[in-house]
Every structure is written in C-alpha cells, then in structure tokens.
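So for the sequence shown, full-length UniProt numbering puts the first residue at 1; every next one is plus one.
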Amino acid sequence: DKTVSLRKDLSEMHEWITQAEEEYLERDFEYKTPDELQRAVEELKRAKEEAMQKEVKVKLITDSVNNFIAKAPPAAHEALKKELDDLTTSYQRLCSRLNGKCKTLEEVWACWRELLSYLDAENKWLNEIELKLKATENIQGGAEEISESLDSLERLMRHPEDNRNQIRELAQTLTDGGILDELINEKLEKFNTRWEELQQEAVRRQKSLEQSIQSAQETDKTLRLIQESLAVIDKQLTAYISDRVDAAQVPQEAQ
1 DKTVSLRKDL SEMHEWITQA EEEYLERDFE YKTPDELQRA VEELKRAKEE
51 AMQKEVKVKL ITDSVNNFIA KAPPAAHEAL KKELDDLTTS YQRLCSRLNG
101 KCKTLEEVWA CWRELLSYLD AENKWLNEIE LKLKATENIQ GGAEEISESL
151 DSLERLMRHP EDNRNQIREL AQTLTDGGIL DELINEKLEK FNTRWEELQQ
201 EAVRRQKSLE QSIQSAQETD KTLRLIQESL AVIDKQLTAY ISDRVDAAQV
251 PQEAQ
C-alpha cells in the first residue's frame, strides 16, 4: 500500500512537470504585439513561482521515499529509487529552463522598452527641428539677425549619433529573434523617413539662410555706400549754402 501511495505521488508530480514543459517550454511562441510579449513575461513569472512552490512537495516525496527505502528490502525499492531520481532530475531541469526563459523574456521586454525610449527622445529632437524650420521659413531682418537664426539651426543639427545607433542595435536584436518584427520595422521606417526628410530640409534651409545673409550683407553695404555718399553731398551743400553760392555754381551731382 505504501509503495502504491508513493508511486501515485511520483506519477502526479511527473505529470505536472510534463504539463508545465508543454505549456511554457515546448510550444513555439510568436510575439507580434507588445501585449503578447508582456503577457508571456507575466505567464513565465507565474510559472516560475509555481515551480518554486512545488519544491516543498518534491522534498516531501523525496523524504517519504527515502524513509521507505531505509526500512524496505532492496528488491522492493530499486525501481522506486530510480523513479525518485528521474523526478528530481526532471524537476531541477524544469526549474532551470523556466528561470532561463523567464530571464530571457524579461530582457527582451526591457530591450523593447529601451527602444521605445530612444525613439521617443529622437522624435522629440525631430519635433524641435520641425519647429526651427518653420520659424526660419520666411525670416526677415538684417544679416546679423539671419546669422543668429542660422547659428541656432546649426547648433540644433549638431546632434550626436548615439541614440540612432542604439535604435538600430536594439531593433536588430529584437527582429533577429522574430520578436515584434513587423511593428518594429514599421516604426523604424516611419522614423527613418521623417529623419531623412528633415535632414534634407535642414540642409536646404541652411543654404538658403547663407544666401540670405550674403544678400543682406550686400544690401547693407550698398546702403552704407549710399549713406556715405549722401553725407558727403550734404556736407558740400551745407558748405555752399554757408558761402551763399549761387545754385548755378553748385556741381551737377549736388543739384
């Protein structure tokens, strides 16, 4: 009766281990959405905790079998001892695999969250560029004012490549594993397209501002020359008036 009872306990535990392996380790998982990935992480955590709780049950079975073996004749316990060894080996392997898979999925989830944070940071920077381009679209003013706008745009464009490199690496890591690949490719295509368009527009705007500065400088120079010429003429006229010179005697350019 005791042997039957022990074998029943061993069998039930073996059955639970087999079911856990089929449920969490043997099936092929495909994570196409963040929700699916997050649910998988939570399921693996619960499975790992449940397996750890079974340790008490495995220990009780082990103690019961060992106590029985200590009192029973060798012929009666050899098969039982082998079943116990198989159980403890299977249980330890299950715990190890669950821990490994849970850790892997947690790292994948962290990788996804990190990718989102880098994309968010870069999109905020692109928003700033967009606003700056709108602000400099029809800029009015002299060479100095336009030059300040150009400097401001150039400072904004001197943006480190670190975030974009991280985005590429994290996306590659996830898509290589077939995880969220469609969603990631869609997000990256949208981001890269926007990045390229704004970069090209920024280069065009920089050239346009440089030309505007040159034109403003030429205009300023022309105005300065005119003002200087007018000042000279004004001085001459003042001198003529002071000397009461007849209008006919005033040089043609002054007239």
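Beta carbons are placed, not taken as given, at the ideal position from N, Cα and C, and that holds for glycine.
Here the structure is a predicted model, which is why all the values come from computation and not from measurement.
Problem - Contact under 8 Å by Cβ, LYS132 with LEU150 - result: no
Exercise for the section: Using alpha carbons as the reference points, say which of ILE69, ALA75, GLU106 and LYS59 lies closest to ARG46. Expected result: GLU106
Practice task
Could you tell me whether the stretch 136–148 touches the stretch 195–203, using the rule of 3 or more Cβ pairs below 8 Å?
Solution key: no
Exercise for the section: Please say whether TYR118 and GLN53 have beta carbons closer to each other than 8 Å? Expected result: no
Problem - Cβ contact (3+ pairs, closer than 8 Å) linking the stretch 3–22 and the stretch 74–83 - result: Below 8 Å, enough C-beta pairs join the stretch 3–22 and the stretch 74–83 to call them touching: three or more.
Exercise for the section: Taking the CB atoms as reference points, tell me whether PRO160 and TRP112 lie closer together than 8 Å. Expected result: no
Problem - Where PHE29 falls: helix, strand or coil (DSSP) - result: coil
Problem - Rounded C-alpha distance that separates GLU228 from THR136 - result: 32 Å
Handout entry: Start-end ranges of the alpha helix (DSSP H) lying completely within the stretch 194–227, minimum 4 residues
Key = Runs of the alpha helix (DSSP H) inside the stretch 194–227: none found.
Exercise for the section: Inspect the CB distances between the stretch 92–105 and the stretch 60–72 and report whether three or more fall short of 8 Å. Expected result: no
Handout entry: For THR18 and ARG97, the rounded distance between their alpha carbons
Key = Roughly 13 Å between the two C-alpha positions.
Exercise for the section: Taking the CB atoms as reference points, tell me whether GLY177 and GLU30 lie closer together than 8 Å. Expected result: no
Handout entry: 6 Å Cβ shell around SER90 - same chain, five flanking residues per side excluded
Key = ILE17
Handout entry: Close Cβ partners of ALA254 (< 8 Å) along its chain, the five nearest in sequence each way excluded
Key = Residue confidence is low: ALA254 scores 49 on pLDDT, short of 50, so the model does not pin down where it sits. Its coordinate-derived value is still stated next. In the same chain as ALA254, and ignoring 5 residues on each side of it, the C-beta atoms closer than 8 Å to its own belong to ILE233, GLN236, LEU237 and TYR240, in chain order.
Handout entry: Helix, strand or coil at LEU153 according to DSSP, with G and I counted as helix
Key = helix
Handout entry: C-alpha gap between ASN138 and ILE226, whole angstroms
Key = 27 Å
Handout entry: Beta-carbon proximity of LEU170 to LEU115, cut-off 8 Å
Key = Yes, these two residues count as a Cβ contact at 8 Å.
Handout entry: Nearest candidate by alpha-carbon position, reference VAL203, set TYR24, VAL58, ARG155 and ASP220
Key = ARG155
Problem - Backbone secondary structure at ASN66 - three-state DSSP - result: helix
Exercise for the section: Identify which residue in ILE184, ASP9 and LYS134 has its Cα closest to the Cα of VAL56. Expected result: ASP9
Exercise for the section: Work out the CA separation of GLU49 and GLU182 for me, nearest whole Å. Expected result: Their backbone Cα atoms lie some 32 Å apart in a straight line.
Handout entry: Distance CB(GLU130)-CB(ASN163) smaller than 8 Å
Key = It is not a contact, given that the beta carbons lie outside the stated cut-off.
Practice task
Kindly indicate which residue of GLU23, ASP243, VAL58 and TRP109 has the alpha-carbon position closest to the one of ILE36.
Solution key: According to the sequence shown, residue 36 is Glu rather than Ile. Residue TRP109 is the option with its Cα nearest to GLU36.
Practice task
Any chance you could list the alpha helix (DSSP H) runs of at least 4 consecutive residues sitting entirely within the stretch 88–125, in chain order?
Solution key: none
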